[in-house]
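See structure below.
Numbering (the numbering used here), first residue to last: 62 to 310.
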């Protein structure tokens, strides 16, 4: 617990809250601009439309956002003899897990606020039916799980390389691949870590080219996709932690 408090103390001037606010503002602005473009048929399926768009904007914004958050948290350790001083008080393995826990709490707070904001936006837009709080809770957990898998990758890169451009370029690449993967078949998306934002989406879209009618429908995540997500997360955690523990300081 003391190590976790120390992580929050170290990041008090890293503008993490500002980064999270920017992510939230960008996602809300994206949906606010897209909403007036929808016709009456789409708006009749408003909540499914919202969840589909959430998966899309998550695939665009969250990979680079997670990379920035991880980089802001880890870059301090590369300055001066910070790592050497820290490792006189705590083992590298415990430090790595503490930083991962810090990231988990930050992302949980960000995604919880995001879900509440989008639920309010959907209610303000008078979507038919009550607010699907259960689906919002499940979607928040899914987004958090995928983001933590990506965070494990980004933290490993940020702690391994002093030049944070390596981790940030990976995040930018992830955002590009994440949104493009929504056009790929599921078997191919399963090979792309950033594609799980769309792969595990609760809402899918079926477009009929003849009638030009867009039909949204609910879809529960496949157990195989959940297992693969956990395997990706475990792989990134184990590799990242191993490289950090063996890193010379």
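We put the CB at the ideal spot given by N, CA and C, even for glycine.
From residue i to residue j, what distance separates their C-alpha atoms?
{"i": "residue 262", "j": "residue 158", "result": "28 angstroms"}
{"i": "residue 16", "j": "residue 226", "result": "It is not possible to answer for residue 16, since the shown part of the chain is limited to 62 through 310."}
{"i": "residue 156", "j": "residue 146", "result": "12 angstroms"}
{"i": "residue 115", "j": "residue 95", "result": "12 angstroms"}
{"i": "residue 140", "j": "residue 308", "result": "15 angstroms"}
{"i": "residue 79", "j": "residue 118", "result": "19 angstroms"}
{"i": "residue 77", "j": "residue 130", "result": "7 angstroms"}
Got a sec, what are the start and stop residues for the alpha helix (DSSP H) residue i sits in?
{"i": "residue 162", "result": "153-185"}
{"i": "residue 216", "result": "194-221"}
{"i": "residue 149", "result": "That residue, residue 149, is in no alpha helix (DSSP H); it is neither H nor E in DSSP."}
{"i": "residue 119", "result": "107-135"}
{"i": "residue 138", "result": "Segment: none, residue 138 is in no alpha helix (DSSP H) and carries neither H nor E."}
{"i": "residue 245", "result": "Neither: residue 245 is in no alpha helix (DSSP H) and is coded neither H nor E."}
{"i": "residue 284", "result": "284-306"}
{"i": "residue 69", "result": "63-71"}
{"i": "residue 188", "result": "No alpha helix (DSSP H) contains residue 188, which DSSP labels as neither H nor E."}
{"i": "residue 259", "result": "257-260"}
{"i": "residue 84", "result": "77-95"}
Roughly how far, in whole angstroms, is the beta-carbon of residue i from the beta-carbon of residue j, given that I think they are within contact range, below 8 angstroms?
{"i": "residue 92", "j": "residue 196", "result": "Their Cβ separation, rounded to whole angstroms, is 16 angstroms, which puts residue 92 and residue 196 out of contact at 8 angstroms."}
{"i": "residue 346", "j": "residue 219", "result": "With the chain covering 62 to 310 only, the question about residue 346 has no answer from this structure."}
{"i": "residue 251", "j": "residue 305", "result": "That pair is no contact at about 27 angstroms."}
{"i": "residue 109", "j": "residue 277", "result": "4 angstroms"}
{"i": "residue 259", "j": "residue 120", "result": "5 angstroms"}
{"i": "residue 264", "j": "residue 248", "result": "So it is not a contact: roughly 20 angstroms between Cβ atoms."}
Looking only at its own chain, which residues have a Cβ that is under 6 angstroms from the Cβ of residue i, when we skip the five neighbours before and after it?
{"i": "residue 232", "result": "124, 125, 128"}
{"i": "residue 57", "result": "The requested residue 57 is not part of the displayed model; the chain covers only 62 to 310."}
{"i": "residue 282", "result": "261"}
{"i": "residue 255", "result": "124, 235, 238, 239"}
So, for residue i: in the same chain, excluding its five sequence neighbours on each side, which residues have a beta-carbon less than 7 angstroms away from its beta-carbon?
{"i": "residue 312", "result": "Only positions 62 to 310 of the chain appear in this structure, which leaves residue 312 out of reach."}
{"i": "residue 84", "result": "122, 126, 171"}
{"i": "residue 184", "result": "192"}
{"i": "residue 175", "result": "85, 88"}
Using a Cβ-based criterion (distance less than 7 angstroms to any ligand heavy atom), does residue i qualify as near the ligand ATP?
{"i": "residue 162", "result": "Of ligands this structure carries none, so the ligand ATP is not represented either."}
Excluding five sequence neighbours on each side, which residues of the same chain lie with their C-beta closer than 8 angstroms to the C-beta of residue i?
{"i": "residue 89", "result": "178, 179, 182"}
### Task
Pair every Cβ in the segment 288-295 with every Cβ in the segment 203-214, then say whether three or more of these pairs are closer than 8 angstroms.
yes
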